[in-house]
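Residues in the sequence shown are numbered from 2 upward in steps of one, following my numbering. Cβ atoms here follow ideal geometry from the backbone N, Cα and C, with glycine treated the same way. Every value quoted in this text rests on a predicted model; they were computed, and no experiment measured them. The structure appears below as structure tokens.
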Amino acid sequence: MTLLIIAYLGGALTILSPCILPILPFVFARAGQPFVKSTLPMLAGMAATFALVATLAAVGGSWAIRANEYGRLAAIVLLALFGASLLSPRFASTLARPIVDLGNNLLNANGGGRAAPTVKSALILGVATGLLWAPCAGPILGLVLTGAALQGANLQTTFLLAAYAAGAATSLAVALLVGGRIFAAMKRSLGFGDRIRQGLGAAVLAGVAVIALGLDTSLLSRLSYASTASLEQAVLDRLHAKPAGASAEVASNDVLIADAKKPFRSDLPVEGYAPSLDGAVEWLNSKPLTTEQLRGKVVLVDFWTYSCINCIRTIPYVKAWAEKYADQGLVVIGVHAPEFAFEKKLDNVKKALSDFEIGYPVAIDNDYRIWRAFENSYWPAGYLIDAEGQIRYHHFGEGNYGRTEKAIQDLLREAGGQMTSSTAVAPDAKGVEAGPDLGNIRSGETYLGYEQAANFASPEGLQADAPQNYSIAEPGLNGWGLSGTWTVGKDEARLDEAGGGITYRFSARDLHLVLGPGADGKPIRFQVTVDGKAPGPDHGSDIDADGNGTVTATRLYQLVRQSGTVGARNFQIRFLDPGVQAYAFTFG
């Protein structure tokens, strides 16, 4: 029930995000119509269609992708006719005549004598709108889709997506009721009813044109990259389903004061007993550890995966804590839960541990058994367990390192350690491990596999699991495209012939790209340009000033770090050898 409430609230927040803009003309075109017979069926059709299509997308079959493309085309045609009907009453009468005749025939067959209702046409319009609606994948929708990816799409996934869509429909209904009253007042006082209707028709046709040309995503990116992520995260923090007693993850003892009369007891809440660590397919840097063996120790369980940029940026702090507090009784355990298939390969994880110089125990959770036992949904995520085996603190994502370290100190002191207040760790993180420039990030994580791809700007359109010769000119902000012959799979895009490339219009200090060699493992040479030139001082840690680099392993590569004023730039990477596999862009 809690997850349903979270999903519903996440949908309601969608109206505050720019990604709702493409469908607003179609929704507000119903202003002034009867709510029960016109507005409500349309919103219900929109919500039901989105839940169905999103469930199919969670399954990830290429046939569902094609079906959605056909549905999108049908929706564009239907909504174009609807917009034209608002512009011309004569055309509207002609367009509606078959539906009216059908309704009259149905009513006559049942013995009714009233005029045909508009519920059916409104429902069809809602279905068409639902096919066009692609809400922003903020933390709450991401939570639902992550669960579907890990556990498979099921009836619960459909219910959660339906709750999300219902939340969006509710907020739209409220906005429409308010807007409808404003429009009605304008009609009464100004006599502009026809002009309002025609203006809405023009807005609908303009929206159809923008969507048909594929300009909606790039246009919204130019308007604003801000989303409701912070509001959604606040909802998750308040309602996230945890064991009884869960509370905010703040270490409240800001000053360590010795009290000789009674043992120190931290104010950190008890969130329930820690689940078992059984289920790992392998342990690295240690023999398998159990909760019983760890009793009496303070344990930090860190969920991560080695190509995740947010996880990579937390590694220096986790390593520093493991080293600083080892003698005080802290045990750090990394739980490696893979996001991509290549992260399930043990040799890849071993190399990552070597590259990052990680020496603490790491459980390989390829089957997500530990992940599910902790009811986790995030990379990275940290859980602090006290000496009695109880979870006392959790934190999702990067950042808040001071609070986490303070919680570590509290629990160590509670366990009997001779802890004194000390300066927080300040690791000298460099290269890809350095913290992000949050004030200048206007680009977000972008996947290249068709299952989660967005903002694809190549005119050929994304083809699933089939070789295709792509082209790309200059995409809008946060748009990207391919050039050359590629085969796009569920998780990655694979280059079939040498000379192909990827273009991305981004705005951030750092640009990273997860890349890997082909099945033969041969190194793949590439060259990067920024705004058509060699990057020079703006080169990332994995290329030189001339933009040259080589893909030698499947991992995250830092390709751009802007050294001066951060602004929107055109990134292009061209591969001199075939076979490269490209997975995802991230930024910092």
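Around the Cβ of Leu168, are there at least 16 other Cβ atoms within 10 angstroms (buried) or fewer (exposed)? With the sequence shown as reference, residue 168 is identified as Gly, and Leu is not the correct amino acid for it. Residue burial annotation: Gly168 is buried, with at least 16 other C-beta atoms found within 10 angstroms of its C-beta.
Go ahead and label Leu639 buried or exposed: buried means 16 or more other beta carbons lie within 10 angstroms of its beta carbon, across all protein chains shown. This structure cannot speak to residue 639, because the chain is shown only from 2 to 589.
Taking Cβ positions, are Arg314 and Gly436 nearer each other than 8 Å? yes
Count the other CB atoms within 10 Å of the CB of Tyr274; is the residue buried (16 or more) or exposed (fewer)? Exposed is the call here.
Grouping DSSP H, G and I as helix and E and B as strand, with all else coil, what is Pro468? For Pro468, the secondary structure class from DSSP, reduced to helix, strand or coil, is strand.
In terms of alpha-carbon separation, which member of Asp348, Ile525 and Phe507 lies closest to Gly501? Per the Cα distances, Ile525.
Burial state of Thr424 (16 or more Cβ within 10 Å): exposed
To the nearest angstrom, how far is the alpha carbon of Ala364 from that of Arg404? 25 Å
Compute the Euclidean distance between the alpha carbons of Ile442 and Lys121, then round it to the nearest angstrom. 45 Å
Does the distance from the C-beta atom of Val552 to that of Gly517 stay below 8 Å? With a cutoff of 8 Å on beta-carbon distance, Val552 and Gly517 are scored as near each other.
Between the beta-carbon of Val333 and the beta-carbon of Trp322, is there less than 8 Å? yes
I'd like to know if the region 545-559 and the region 456-469 are in contact, where contact means that at least 3 CB-CB pairs between them fall below 8 Å. no
In the DSSP output, what is Asp511 paired with across the bridge? Answer is Arg562.
Considering only residues of the region 407-471, which uninterrupted beta strand (DSSP E) runs meet the minimum length of 3 residues and lie entirely inside it, listed in chain order? 468-471
With a threshold of 7 Å, establish whether the CB of Thr488 neighbours any heavy atom of the ligand ZN. What this structure holds is no ligand at all, so the ligand ZN is not there to describe.
Quick check: what's the CA-CA separation for Val300 versus Asp328? 13 Å
Whole angstroms are fine: how far does the CA of Ala520 sit from the CA of Pro381? 29 Å
Residue from Val489, Tyr558 and Val567 whose Cα sits closest to the Cα of Arg510: Val567
Assigned exposure category for Leu439 - 16 Cβ within 10 Å defines buried: exposed
The beta strand (DSSP E) that contains Thr551, what's its start and end? Asn549 to Val552
So, for Thr587: in the same chain, excluding its five sequence neighbours on each side, which residues have a beta-carbon less than 6 Å away from its beta-carbon? Ile310, Glu446 and His513
Count the other CB atoms within 10 Å of the CB of Ser287; is the residue buried (16 or more) or exposed (fewer)? For Ser287, the number of other beta carbons within 10 angstroms of its own is below 16, and it is reported as exposed.
Contact check, Leu449 vs Ala353 under 8 Å by CB: the rounded distance? With 8 Å as the limit, Leu449 and Ala353 do not qualify as a contact, their Cβ atoms being about 21 Å apart.
Beta-carbon contacts of Lys325 that lie in its chain and below 7 Å, excluding the five residues immediately before and after: Val426
Taking just the CA atoms, how far does Leu413 sit from Ser248? Caution is warranted here: a pLDDT of 35 is assigned to Ser248, below 50, making its placement in the model unreliable, and no coordinate value can be reported.
Return the CA-CA distance between Phe51 and Arg506, expressed in angstroms with no decimal places. 29 Å
Closest residue to Tyr361 among Leu347, Gly335 and Ile7 (Cα-Cα distance): Gly335
Leaving out five residues before and five after Asp368 in sequence, what residues of the same chain have Cβ atoms less than 7 Å from its Cβ? Gly280 and Val282
What are the partner residues of Val120, as DSSP defines its beta bridges? None, per the DSSP bridge assignment.
To the nearest angstrom, how far is the alpha carbon of Met47 from that of Leu496? 37 Å
Can you check DSSP and say which residues form a bridge with Gln391? Tyr274
For Val319, name the three-state secondary structure that DSSP assigns. helix
Coarse secondary structure for Phe36, derived from DSSP in three states: helix
Three-state secondary structure assigned by DSSP to Ala499: coil
What would DSSP say about Ile359, mapped onto helix, strand or coil? coil
What did DSSP end up calling Lys346 once you bin it into helix, strand or coil? coil
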